[in-house]
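Peer 1: Provided herewith is a single structure, encoded as structure tokens, for subsequent inquiry.
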Amino acid sequence: MDTKKNKFLSNKGFVLFSILAVVIVLIAAFAPVLAGGIDPTAGNLADAIMAPDAKHLFGTDKMGRDIYARVLYGARISLASTFVLVLAVFVIGTALGVLAGYFGGWVDAVIMRIADMMIAFPGLVLAIAVAGMLGASMRNAIIAIALVTWPKYARMARSLVLKVRHTDYVYAAIVTGSGTWHMLWKYMLPNTITTLVITAATDIGGMMMELAALSFLGFGAQPPTPEWGSMLNEGRDFMQSAPWLMVYPGLAIFITVVIFNMLGDNLRDILDPREE
Amino acid sequence: MKKLSKKSAALLVAGLVTCGLLAGCGGGDKAPAKDGGKAVAKTLTFGCQMYSDGLINPASQVNCAWNVSRFGIGQTLFRFDDNVKAVPQLAESATPSDGNKTWTFKLKKGIKFSNGTEMTATKVKESLDWIREAGKKGSSNPTKFLDAGAVVTADDAAGTVTIKSEKAYPDMPASLADPAMCIIDVKGTKNFDSGIIGTGPYMVKTFKDHVGYEMVANPHYWNGKPPYEEVKILFMGDASAKANALRAGQIDLAENIMNVADLKALREDKKFTVQVAPGTRVGFSWMNMQDGKPLANKALRQAVLKAIDYKTICKSNTIGGLYTPGPSVVPSSLGYGFDKLKNPYEYDPEGAKKILDEAGIKDTNGDGIREINGKNIELRYISYANRLLNDFSDAHTQYLKAVGIGVKSEYGSSDDQWTKLVAGEYDFNNNNWNVMIAGAPTVFMANWYSKNKDNFCGFKSDAYDKAYEELRSTMDTKRYAELMQECQQILINEAAVLVDGYYNSCIIYNDKVGSAHMYPLDYYWITDEIKPAGAK
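Chains as they are written, first to last, in the working numbering: chain W, 2 to 277; chain R, 15 to 550.
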């Protein structure tokens, strides 16, 4: 245990990016305090598209809303939706992959053929189609991306299960009377979990980008919800004349994605040193 | 060493790919043909909003009819000039008789359709008969402009078309100047959706769904040789895309760039000319007053109108003066007694709250949103990205929230917006419409006439119906103006319409284009008046 603890703490990159990730989560949690009580959805058209100044640190958008407050509140929506999405694909993908790998036969065939179908489409394009059919909202954007992402986890979990499924200790456990759920929980899942956790951690940044992309295209968060992707879209028209409309939400996405990507990479270095 | 080599190779490949991509993004072959050292473009590329999937069957939808005219494919007997007066186009004159129930149109000689067929009086009759019959199934409502019972007779020898109707037309040339009444070769047209045969300066060569048209000069054009050999029409819904395409030289001409910042930058750039036409357009939201809808409640509508600061919105950096505020559905610049109208719903958020409180529309659970029948108000606001409509919708939503009226935005395409309007699936439905259809506001004002099938909001007022019935039949211009004022005042008093403001249309072109013209009635985009720079 001590060794493992030391492995985490001795990895400076992991420590640094963990702290930064915690800072971002804290910013999201304390957005109302940090925004000084400014309502991110309330604006004054008389103050529309004003450059950053002492009153509006990041300037105002085209509805006269404070971009600083919207970026802070946007962290809540972007982080929460990304974590929900990653958790959803992690749980669904892992569960289906483990079941497919363990039971094999028709269960495997059905699950993996569905996964193959989903993979056959370009991910974001299919997500746009699904989001378009379901209607534009953050919930539907999460469902759309989850639908196209779970096969990745399912395939990975299945292959990891298959590696151990026919080993002697698994057969020994079966002949000594271990039940199916016990087998899955005690022997199959632990063999997959490390790799899948690393995958999930490194996917956070990518998923955040995909959600922001859907919102940018109008399939995710709807106005006046402060969400970084939709803020980028709102500012797009003013990219040259009022760049602050895009710069701050763009920076927020960039910084957050980099931090979570680096955190995922460092986590992989610790948990799976073979990948180094 | 091995690792380093791999990295170097990867960097080199990445660099080469990047250079290749950047090179690919470089300037295209847009240089026009040189003529004695002066550039004379033979191709015009035009960027515009796509309406009704870009189709051009005038019988199917209003926007399709407008597309025929706007793309320079079809023309009408008369057309509207800069003063919104009907002036001769395919006809040289129109003579009324029998108390304006009979009109005789003398056709210009030598006009041919783009397939070479002569535009005879019989062809005109066929076209007018066809549009009224085929238009029954569509939404372009040609019978609004020429009633179904009107009898058209053709005299090919004299080159005249005589129209007899039971109804008197104060100005039939103006009615027939609507794009729905464009004259097409009915028998010669094989593809009505995207291959109409008209008399305009250009004819369709190819159509790509949701991309645009490639058109070529009509070799039989009656008004001289069309200035361009080829006209490409590219559909661009995004205002910034139009502006960026103009700057990059991908298009030469664009209609209605609504981004204030882009418009300002293009105005300041000597390479571009921005031409603005005084508006006959109004941006307005229908308020759905049909039974069971929240806005059937007059107090709620009154509060909505009082809650919104129209002047600040129109003056803001977002709208940038592209709209002028006003309470009536008829633009202030058109007269019709605008200065005599009284508006009881000036911006007054406290007044709005008072109206809601007195009507029992209160926020009882303290969530900031008021309730009707125990449920939070959540009004559906339908809008689409055109002429700043989404910005108006966002602004209205913001102001309404401040007085406790919840709004849910639903932004989609113009077709989504239209479908939901017709189906009544909305509370607010934001549009930008031309008021001077057929050269007068009569047709437009029918939108609130309770016996009109296009009354999409369920507005009903006996006083309005009475005034409108007289308005549409009177031949007395003074009385017409009085009735217009009365109709406008009724709509204001009944809090029937949420008016964004009055819009000025614009057209923007680069220095390869010598001249272009935007008319107040924006039925005409591609015309023979658009000429390349340096053309004689």
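Cβ coordinates follow ideal geometry from the N, Cα and C atoms, glycine included.
Give a yes or no on contact between the region 123-131 of chain R and the region 225-242 of chain R, applying the rule of three or more CB pairs nearer than 8 angstroms.
Peer 2: The answer is yes - the region 225-242 of chain R touches the region 123-131 of chain R, with three or more Cβ pairs under 8 angstroms.
Peer 1: Answer with buried or exposed for R/S342, where buried requires no fewer than 16 other C-beta atoms within 10 angstroms of its C-beta.
Peer 2: Burial call: buried.
Peer 1: Less than 6 angstroms between C-beta atoms, sequence neighbours within five positions excluded: which residues of the same chain meet that for W/N262?
Peer 2: Excluding sequence neighbours, W/N262 sits near G206.
Peer 1: Strictly below 8 angstroms CB to CB, what residues from chain R border W/R237?
Peer 2: The answer, in chain order, is S254.
Peer 1: Quick check for students: name the residue ranges of the alpha helix (DSSP H) that lie wholly in the region 367-453 of chain R, counting only runs of 4 or more.
Peer 2: DSSP runs (the alpha helix (DSSP H)) wholly in the region 367-453 of chain R: 403-416, 428-437.
Peer 1: So with Cβ pairs under 8 angstroms, would you call W/K8 a contact of chain R?
Peer 2: Not one chain R Cβ lies under 8 angstroms of W/K8.
Peer 1: Would the region 152-169 of chain R count as touching the region 205-222 of chain R if we require 3 or more Cβ pairs under 8 angstroms?
Peer 2: Touching, no, given that fewer than three Cβ pairs across the two stretches are closer than 8 angstroms.
Peer 1: Express the C-alpha separation of R/E500 and R/Y494 in angstroms, rounding to a whole number.
Peer 2: Taking the straight line joining both Cα atoms gives about 10 angstroms.
Peer 1: Per DSSP, what kind of secondary structure is R/M301 in: helix, strand or coil?
Peer 2: Note: R/M301 maps to strand in three-state DSSP.
Peer 1: Helix, strand or coil: how does DSSP classify R/F286 here?
Peer 2: Note: R/F286 maps to strand in three-state DSSP.
Peer 1: Is there contact between the region 271-278 of chain R and the region 84-101 of chain R, where contact requires at least three CB pairs shorter than 8 angstroms?
Peer 2: The region 271-278 of chain R, when compared against the region 84-101 of chain R, does not touch it at the 8 angstroms Cβ threshold.
Peer 1: Taking a contact to mean a Cβ-Cβ separation below 8 angstroms, would you say R/D441 touches R/Y516 in this structure?
Peer 2: In this structure, R/Y516 does not lie closer than 8 angstroms to R/D441 by Cβ.
Peer 1: Just reading off the alpha helix (DSSP H) that R/C78 is part of, what are its end residues?
Peer 2: Start and end: 76-84.
Peer 1: When the Cβ atoms of the region 191-209 of chain W are set against those of the region 149-160 of chain W, are three or more pairs found closer than 8 angstroms?
Peer 2: Yes, the region 191-209 of chain W is in contact with the region 149-160 of chain W.
Peer 1: Once the 5 residues before and after W/I50 are set aside, which same chain residues still bring their CB inside 6 angstroms of it?
Peer 2: Only K63, A243 meet the Cβ criterion.
Peer 1: Using a beta-carbon distance below 8 angstroms, is W/A52 in contact with chain R?
Peer 2: Closer than 8 angstroms: no.
Peer 1: DSSP three-state call for R/E543: helix, strand or coil?
Peer 2: Coil.
Peer 1: With distances taken between CB atoms, is the gap from W/E228 to W/I78 smaller than 8 angstroms?
Peer 2: Yes, the pair counts as a contact, with Cβ atoms nearer than the cut-off.
Peer 1: If the criterion is Cβ atoms closer than 8 angstroms, does the pair R/N524 and R/D276 meet it?
Peer 2: Contact: no.
Peer 1: Any residues in the region 219-231 of chain W with a beta carbon nearer than 9 angstroms to a beta carbon of chain R? Which ones, in chain order?
Peer 2: Of all residues in the region 219-231 of chain W, G219, Q223, P224, P225 have a Cβ within less than 9 angstroms of some Cβ in chain R.
Peer 1: With DSSP collapsed to three states, give me the class of R/E243.
Peer 2: Three-state result, R/E243: coil.
Peer 1: Taking the alpha-carbon positions, what's the R/M489 to W/P250 distance?
Peer 2: Approximately 60 angstroms, taken between the alpha carbons.
Peer 1: Measure the C-alpha to C-alpha separation of W/S216 and W/A137 and round it to an integer number of angstroms.
Peer 2: Rounded to the nearest angstrom, the two C-alpha atoms are 9 angstroms apart.
Peer 1: Inspect the beta-carbon positions of R/V101 and R/T294 and report whether they are closer than 8 angstroms.
Peer 2: No, these two residues do not count as a Cβ contact at 8 angstroms.
Peer 1: Please list, in chain order, the residues of the region 242-273 of chain R that have any C-beta partner in chain W closer than 7 angstroms.
Peer 2: Cβ contacts with chain W come from A253, S254, N273.
Peer 1: Which one of R/I375, R/G163, R/S66, R/V54 has the shortest CA to CA distance from R/G388?
Peer 2: Comparing Cα positions, the closest option is R/I375.
Peer 1: Tell me whether W/F31 is buried or exposed, calling it buried when 16 or more other Cβ atoms sit within 10 Å of its Cβ.
Peer 2: That one is exposed.
Peer 1: Can you check whether the CB of R/Q264 is closer than 8 angstroms to the CB of R/T57?
Peer 2: No, they are not a contact pair.
Peer 1: Tell me whether the beta-carbon of W/F18 lies closer than 8 angstroms to the beta-carbon of W/I260.
Peer 2: Yes.
Peer 1: Can R/S423 and W/P224 be called in contact, C-beta distance under 8 angstroms?
Peer 2: In this structure, W/P224 lies closer than 8 angstroms to R/S423 by Cβ.
Peer 1: Residues of chain W with CB closer than 8 angstroms to the CB of R/T411, please, in chain order.
Peer 2: Chain W residues near R/T411: P224, P225.
Peer 1: Buried or exposed: where does W/H183 fall if 16 or more other Cβ atoms within 10 Å of its Cβ makes it buried?
Peer 2: Label assigned to W/H183: exposed.
Peer 1: Beta carbons nearer than 9 angstroms to chain W: which residues of the region 379-391 of chain R have them?
Peer 2: Flagged: no residues at all.
Peer 1: Thinking C-beta only, is W/I271 closer than 8 angstroms to W/F9?
Peer 2: Contact flag set, yes.
Peer 1: Less than 8 angstroms between the CB atoms is what I'm expecting for R/L402 and R/I333, so what's the real figure, rounded?
Peer 2: About 6 angstroms; that satisfies the 8 angstroms criterion.
Peer 1: Keeping to the same chain, check which residues put their C-beta closer than 8 angstroms to that of R/A549; ignore five residues upstream and five downstream.
Peer 2: Cβ neighbours of R/A549 beyond the five flanking positions: V54, P241, G528.
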